[in-house]
Structure formats: structure tokens, C-alpha cells
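Here is the structure we will look at.
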Amino acid sequence: MTTCVGTSTGWFPVARAAEVGSRPLPVGAGGRAYVLVRLRPDGEVSAFPATCPHRLVPLSAGTVVDGRLTCPYHGWQYDGEGRCVTIPALGPDGTPPPRADLTVPWAVEERHGWVWLAPERTAVPTPPRPGDATVAEPVPAPPQPAGPVLGNLHPPWRRRGTRWRCPASCGPVAGCRSGCSGAPGRCAAPTASRSTRRRTASASGSDAPTDPGVATGERPVRLRRRVTAVHRAPFQLLLRREHLDSGAVTTVHFLLQPEDADSTRVYTRLLLSAGPGRPLPAPRDVGREVALAQRVLDEDLALTAHLAGQGLPPAGRDELHLRADRLGVALRRALCDFTGTARGARAAA
Ligand code: FES
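In the numbering used here, the protein residues as written are 152 to 500.
Laid out in C-alpha cells, this is it:
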């Protein structure tokens, strides 16, 4: 076998071929995490990095749709080469930027009942056959770590909620990802002078061929929409979606009530208007909107439970932000500002 412990060169047997189907299978090779999946029934195996570059959601929770790996969070789709081919928020005419592509491993091969993965170009072009003598590859020495090294089983460290805590005196390890020094309990991220922010997305369009007003020619097929988000960090978020052609407005109001370090109760209020002069939405329409809001919230909660980090503040170097994300990014910045302000107030007390 030509695997090399501690490096990412060489071929790594990562899964039995029979284990890989249309559900992404998490595997590891050379210290990196990947998912394996067949994008077509009985098709060849494709390998992708384990997380979506958008918000770092594990792609092991993704699905295969039309022969593409689809991220469960915002629906970005990747072809077998890792190219991002669809970003739903950009609309049907939007072109995904090249930065949205996944960096796939150098090669993945199915041989002798196993899936072999080579994270980087390797001197041996194919996986070894069973019984082959071990082929040693030149291996560069691993780089020396720059600072102190702590194993994750270091006994004095305790985990509480999503943070590690040293019982001596260092306080929580904040893990600030904004580029500040990240000293325990301190965050140098810029703080906000206000805790309420309003962002309005410019009007965008969506097709509504089933709208009765479209059939009568009263409204165009492509309806204009405007979305406004009002954040009152950290406990309130209001989203207002206006359909500019029909005058219909949907408002969703989230209220968060922290209960302890690990749980927060979420209250949601939904306000519906069919537009000026129009009758109130029928109970059936209200029920459909409530079910939709609940489903979106459930999906988001289930996915955020998979996330390794807290997601605050936005990880500028790791996550890929698009123009279509500006409301979400603004919300996370507001939350970061709030937590930074709260930390500052605690330190000053
Ligand atoms: S599409 Fe993957 S996290 Fe947004």
C-alpha cells in the first residue's frame, strides 16, 4: 500500500465500493475530510470536500438532484468535477462565480472492491493491486507547529455548550474568526454603536405562472419582490417580503428566548396580507404559509446543528459571500457586534 501517514500524498483506501451510493458518505484521507457519492445510479464514484464553501455546511447532509450534489442549506449544486453549476439565490440567469467551485481531490478510483482516493498528485498513477509490494514515496517532513500544541483529549479542558473552557483561569476559547488576536474572552472585532439594523434588498423577480392575475394579464409572469430585514440583535429578527406587483406582503417575526447555555426557544409570528383592497388570505392559504415557515425553520435548525462552528462572525476567508447574501451577512455582523459589545461591558464591569 502506498499510503503515507501524516501526508496527503499517495493513494488511500477510504471506503468499500459497495458502501457508496447516492447518499454522500463522509470519509477521510491524508488528514482531510471528503464525501463520496455516486451522482448517477451505478455510476462512477465522485469525491468532494466535506463542506460547502458557502456556509461550511457538511455536504454529507446533501442530496443528489439531477446528477448533481446539492447542498442542503441554500441549494448550491455541484457537478462531478466540483464545479458549482447552480446558485438558486442568483436566479435562473445567474452565473456562479468560479470561487464557488469545490477543490476536489486529484483522483478517485474504484479498484478491487475499494474506493481509493489520492488527495494530491502522486508519483504512482493508479492504486496498488492487492499483493503488491509496498512502494515507498518520497515524503516531505511535516512542518513544525508554530505555537503550543494541545491534544483534544487534554484532560483539564472541559466542553460547555459549543465552547471549550480551561478550569484554570483562561476563560472560554472564543475562536474569533474575524482576524482579531483571539485572546481568550476578548474579541477585537469592531463593535456597533446601535443594536438595530435595517437592510433592504433591491427588488428581485420570481416567476409566478400560477398567479391568477398573470392569467388575466393583470400582472406580468415575472413578479417583482422586495425583502427587508430588521435585526434587533440579538433577540429579534423581522423579515418582510413585499410582492410589488400584487401588493401582497408576508412578514415573519422571530423572537429568541435563551434558556440556558445550550438551548434557545424560538417564537415565530407570521403576518399575511393579500394586498390593498383584497380580502384577507383564506384559512387554507394561511395554513400553507405557516407550514412553509415552519418547514424552513426546521430545516435551518437541523442544519445548524450539524455545523462545527458557531458561524459568528462570518469567516471571511473560509466562507463565500455573494451579493445575494448581504442580508444574512449583515445579521451575523450585527450579532457579532452585539456579543463584542456585551464582552466589552463585562470586561469593564
Ligand atoms: S449552499 Fe451550502 S451552505 Fe449555503
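Backbone N, C-alpha and C define an ideal beta-carbon position, used for all residues, glycine too. Keep in mind it's a predicted model, so treat the numbers as computed, not measured.
Asked, Found
"Contact set for L406: own chain, Cβ-Cβ below 7 Å, skip 5 residues either direction", "F386, Q387, Y418"
"Cβ-based burial, A319 [other Cβ within 10 Å; buried from 16]", "With a pLDDT of 41 at A319, under the threshold of 50, the modelled position of that residue is not reliable, and the figure given next carries that caveat. Exposed, by the Cβ-count rule."
"For R416, the nearest candidate out of Q408, V266, L422 (CA to CA)", "Q408"
"Supposed close pair P278, W267 - CB separation, criterion 8 Å", "4 Å"
"Validate contact between the segment 241 to 250 and the segment 181 to 198 using beta carbons, cut 8 Å, 3 pairs", "no"
"Candidates L452, R439, V437, G398, of which the one nearest R429 by Cα", "G398"
"Closer than 7 Å: W267 CB and nearest ligand 1 heavy atom", "no"
"Contact check, A212 vs C235, beta carbons under 8 Å", "no"
"Pairwise C-alpha distance: L452 and L478", "18 Å"
"Euclidean distance between Cα positions of A444 and E450", "10 Å"
"Cβ-based burial, W265 [other Cβ within 10 Å; buried from 16]", "buried"
"R483 beta carbon less than 8 Å from that of L463", "yes"
"Minimum C-alpha distance to E260 - residue among R189, T237, H205", "R189"
"According to DSSP, residues forming a beta bridge with H404", "L389, R420"
"Inter-residue spacing [alpha-carbon to alpha-carbon] between A496 and F489", "11 Å"
"Reduced DSSP category for L473 - H, G, I as helix; E, B as strand; rest coil", "coil"
"Contact test: V208 Cβ vs ligand 1 heavy atom, cutoff 7 Å", "yes"
"heavy atom of ligand 1 below 7 Å from Y224 C-beta", "yes"
"Beta-carbon proximity of S173 to P192, cut-off 8 Å", "yes"
"Which residues DSSP lists as bridging C235, in chain order", "Y229"
"Member of T401, P177, W227, G218 whose CA lies at the smallest distance from the CA of R376", "T401"
"CB contact flag (P432, L423, <8 Å)", "yes"
"Opposing strand residues paired with S414 [DSSP bridges]", "D411"
"For V266: DSSP bridge partner residues", "A166, E261"
"Contacts around V165, its chain only, beta-carbon distance under 6 Å, and the 5 residues preceding and following it disregarded", "V178, A180, V266, L268"
"Simplified DSSP assignment, three categories, for P249", "helix"
"Reduced DSSP category for S211 - H, G, I as helix; E, B as strand; rest coil", "helix"
"Three-state secondary structure assigned by DSSP to V441", "helix"
"DSSP-derived helix/strand/coil call for V447", "helix"
"Exposed unless 16 or more other CB atoms sit within 10 angstroms - verdict on R439", "exposed"
"Per-residue DSSP class, three states only, for G179", "strand"
"heavy atom of ligand 1 below 7 Å from C235 C-beta", "no"
"Paired residues, beta bridge with S197 - DSSP", "V188"
"Inter-residue Cα distance where the pair is V480 and P270", "32 Å"
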